[in-house]
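Chemist:
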Amino acid sequence: MCSVGRACSSFAAGHAVHRVQARLVAATPGEWVDAIVLSADAASGSIRIRTFEEGHEVSLWNGAGGAAELRAGDPVALHERHHVLAIGSTRYNALLES
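Residues in the sequence shown are numbered from 73 upward in steps of one, following this note's numbering.
(1) Could you give the DSSP three-state label for alanine 158: helix, strand or coil?
(2) Given histidine 154, which residues of its chain have a CB within under 7 Å of its CB, disregarding the five upstream and five downstream residues?
(3) Note down, in chain order, each residue of its chain lying with its Cβ closer than 6 Å to the Cβ of leucine 150, except the 5 sequence neighbours on either side.
(4) Quick one: is arginine 120 buried, meaning 16 or more other Cβ sit within 10 Å of its Cβ, or exposed?
(5) Which word fits arginine 91, buried or exposed, when buried means at least 16 other C-beta atoms lie within 10 angstroms of its C-beta?
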């Protein structure tokens with residue numbers, strides 16, 4: 073949730089997914105990277121993941137509630153180029169911190 077306690081109305085990195093952003097990730101399915109959640113903090117929106125193939129750790133932030141949906145060990149997918157985190161079929165705009 074955004075600071076106002078409602079659904080995100082901003083399309084800035086880490087906030088709501090813009091329809092163009094959703095189309096871009098749909099058009100580039102080969103760029104998704106599978107990962108596992110290391111930690112997720114619903115209060116701060118911080119999420120830390122590790123990619124399966126490369127073993128890279130990535131820190132990201134989402135203000136639209138993505139961290140509240142996750143627990144350590146959950147599978148996710150990351151589309152780095154377009155900054156989207158997939159949790160099942162739900163897409164979240166992700167601010168990549170590292």
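Ideal Cβ positions, reconstructed from N, Cα and C, are used throughout, including at glycine.
Modeler: According to the structure shown:
(1) strand
(2) Gln93, Leu96 and Val97
(3) Val105, Ala107 and Leu157
(4) buried
(5) exposed
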